[in-house]
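A short write-up of the structure that comes next.
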Amino acid sequence: TQLLEQSPQFLSIQEGENLTVYCNSSSVFSSLQWYRQEPGEGPVLLVTVVTGGEVKKLKRLTFQFGDARKDSSLHITAAQTGDTGLYLCAGGPSNSGYALNFGKGTSLLVTP
Amino acid sequence: DTAVSQTPKYLVTQMGNDKSIKCEQNLGHDTMYWYKQDSKKFLKIMFSYNNKELIINETVPNRFSPKSPDKAHLNLHINSLELGDSAVYFCASSQDGGSGNTIYFGEGSWLTVV
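From first to last, the protein sequence lines stand for chains S and Y.
Using this note's numbering, you'd call the opening residue of the first sequence number 30 and step up by one each time.
Using this note's numbering, you'd call the opening residue of the second sequence number 161 and step up by one each time.
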């Protein structure tokens, strides 16, 4: 099993602040995904990155895949209360399919 | 229409009982999964089926038995429930097992064993 380490585990900030969440591994991934999970619901896909060095933007969210495809980051600009949730990264193994391995998540709380 | 639906949403049962969780997806996907999310929010794969065939079976006690009558359904039966089985169980599906495919999750089934 290829492990994904996420940091920080918990983050509490005020509206308008910026933040970055990290997802790191010693393994190479063919792709990496970010999901957001809100209380009482299942995770929902935010983005998939597949190319080393790739940067994708989703409104105020910026996702980056590391050059070596071992790590990724999620940056949120001017956080809003609606960004509150559990952010999970998930990596697909390098030699086969199935994006099965999830990190332990970063729990984000954005307060007014 | 709910893409991935699972029932029941909440389940409270006593130790030693046998229970089942049902899951159905209407997305036409070939691959279905069961994940377990513990109290620390760690989401761990339990099983993966592709076209009714078992593809992945992680280190799960054999008290857990998945059954896929067709590719749109993947049910989870648990025998002799233990306190440690308390968790949220998520059913999910994807187009196929290919890396990078979006995984669509159900809303989860909250299992509490007392």
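Backbone N, C-alpha and C fix where the C-beta goes; we use that ideal spot for every residue, glycine too.
Could you check if residue i is buried or exposed, using at least 16 other CB atoms within 10 Å of its CB as the buried criterion?
{"i": "residue 214 of chain Y", "result": "exposed"}
{"i": "residue 114 of chain S", "result": "buried"}
{"i": "residue 126 of chain S", "result": "Note that residue 126 of chain S scores 47 on pLDDT, short of 50, meaning its location in the model is unreliable and no value can be drawn from it."}
{"i": "residue 106 of chain S", "result": "exposed"}
{"i": "residue 166 of chain Y", "result": "buried"}
{"i": "residue 175 of chain Y", "result": "exposed"}
{"i": "residue 84 of chain S", "result": "exposed"}
{"i": "residue 46 of chain S", "result": "exposed"}
{"i": "residue 39 of chain S", "result": "exposed"}
{"i": "residue 178 of chain Y", "result": "exposed"}
{"i": "residue 139 of chain S", "result": "buried"}
{"i": "residue 121 of chain S", "result": "buried"}
{"i": "residue 80 of chain S", "result": "exposed"}
{"i": "residue 110 of chain S", "result": "exposed"}
{"i": "residue 164 of chain Y", "result": "buried"}
{"i": "residue 50 of chain S", "result": "buried"}
{"i": "residue 128 of chain S", "result": "Any reading at residue 128 of chain S needs caution, since the residue's pLDDT is 49, under 50, leaving its predicted position unreliable; the model's value is listed next. Buried."}
{"i": "residue 257 of chain Y", "result": "buried"}
Return the first residue and the last residue of the beta strand (DSSP E) that residue i is part of.
{"i": "residue 100 of chain S", "result": "100–105"}
{"i": "residue 166 of chain Y", "result": "164–167"}
{"i": "residue 233 of chain Y", "result": "233–238"}
{"i": "residue 230 of chain Y", "result": "224–230"}
{"i": "residue 90 of chain S", "result": "90–94"}
{"i": "residue 207 of chain Y", "result": "203–210"}
{"i": "residue 62 of chain S", "result": "58–66"}
{"i": "residue 87 of chain S", "result": "84–87"}
{"i": "residue 247 of chain Y", "result": "247–254"}
{"i": "residue 186 of chain Y", "result": "Run containing residue 186 of chain Y: none; DSSP gives neither H nor E here."}
{"i": "residue 192 of chain Y", "result": "191–197"}
{"i": "residue 109 of chain S", "result": "Residue 109 of chain S -> no beta strand (DSSP E), and no H or E assigned at all."}
{"i": "residue 177 of chain Y", "result": "Element bounds for residue 177 of chain Y: n/a, residue is neither H nor E."}
{"i": "residue 269 of chain Y", "result": "269–273"}
{"i": "residue 262 of chain Y", "result": "Segment: none, residue 262 of chain Y is in no beta strand (DSSP E) and carries neither H nor E."}
{"i": "residue 38 of chain S", "result": "Careful: residue 38 of chain S lies outside any beta strand (DSSP E) and carries neither H nor E."}
{"i": "residue 79 of chain S", "result": "Where residue 79 of chain S is concerned, there is no enclosing beta strand (DSSP E), given that its DSSP letter is neither H nor E."}
{"i": "residue 139 of chain S", "result": "135–140"}
Report back the beta-carbon spacing between residue i and residue j to the nearest angstrom; my notes put them in contact at under 8 Å.
{"i": "residue 70 of chain S", "j": "residue 267 of chain Y", "result": "6 Å"}
{"i": "residue 35 of chain S", "j": "residue 99 of chain S", "result": "Incorrect: roughly 14 Å between the Cβ atoms, too far for contact."}
{"i": "residue 96 of chain S", "j": "residue 137 of chain S", "result": "Incorrect: roughly 26 Å between the Cβ atoms, too far for contact."}
{"i": "residue 234 of chain Y", "j": "residue 249 of chain Y", "result": "Going by Cβ atoms, the distance from residue 234 of chain Y to residue 249 of chain Y rounds to 11 Å, so no, they are not a contact pair."}
{"i": "residue 33 of chain S", "j": "residue 42 of chain S", "result": "Incorrect: roughly 23 Å between the Cβ atoms, too far for contact."}
{"i": "residue 206 of chain Y", "j": "residue 228 of chain Y", "result": "About 13 Å; that fails the 8 Å criterion."}
{"i": "residue 78 of chain S", "j": "residue 56 of chain S", "result": "Between residue 56 of chain S and residue 78 of chain S the Cβ distance is about 15 Å, and since that is not below 8 Å, they are no contact."}
Please list the partners that residue i has in chain S, where partner means a Cβ-to-Cβ separation under 8 Å.
{"i": "residue 224 of chain Y", "result": "Going along chain S, no residue has its Cβ under 8 Å from residue 224 of chain Y, so there is no contact; the nearest lies around 17 Å."}
Mind listing the chain S neighbours of residue i? Cutoff is C-beta to C-beta under 7 Å, in chain order.
{"i": "residue 265 of chain Y", "result": "71, 72"}
{"i": "residue 250 of chain Y", "result": "71"}
{"i": "residue 205 of chain Y", "result": "129"}
List, in order along the chain, the chain Y residues whose C-beta lies closer than 8 Å to that of residue i?
{"i": "residue 77 of chain S", "result": "260, 262"}
Taking C-beta pairs closer than 8 Å, name the residues in chain C that residue i reaches, listed in chain order.
{"i": "residue 202 of chain Y", "result": "Checking the listed chains, one finds no chain C in this structure; the protein chains it contains are S and Y."}
For a contact meaning CB atoms closer than 9 Å, what does residue i contact in chain S?
{"i": "residue 268 of chain Y", "result": "69, 70, 71"}
Which chain Y residues are close to residue i, counting only those with a beta carbon under 7 Å from its beta carbon?
{"i": "residue 115 of chain S", "result": "201"}
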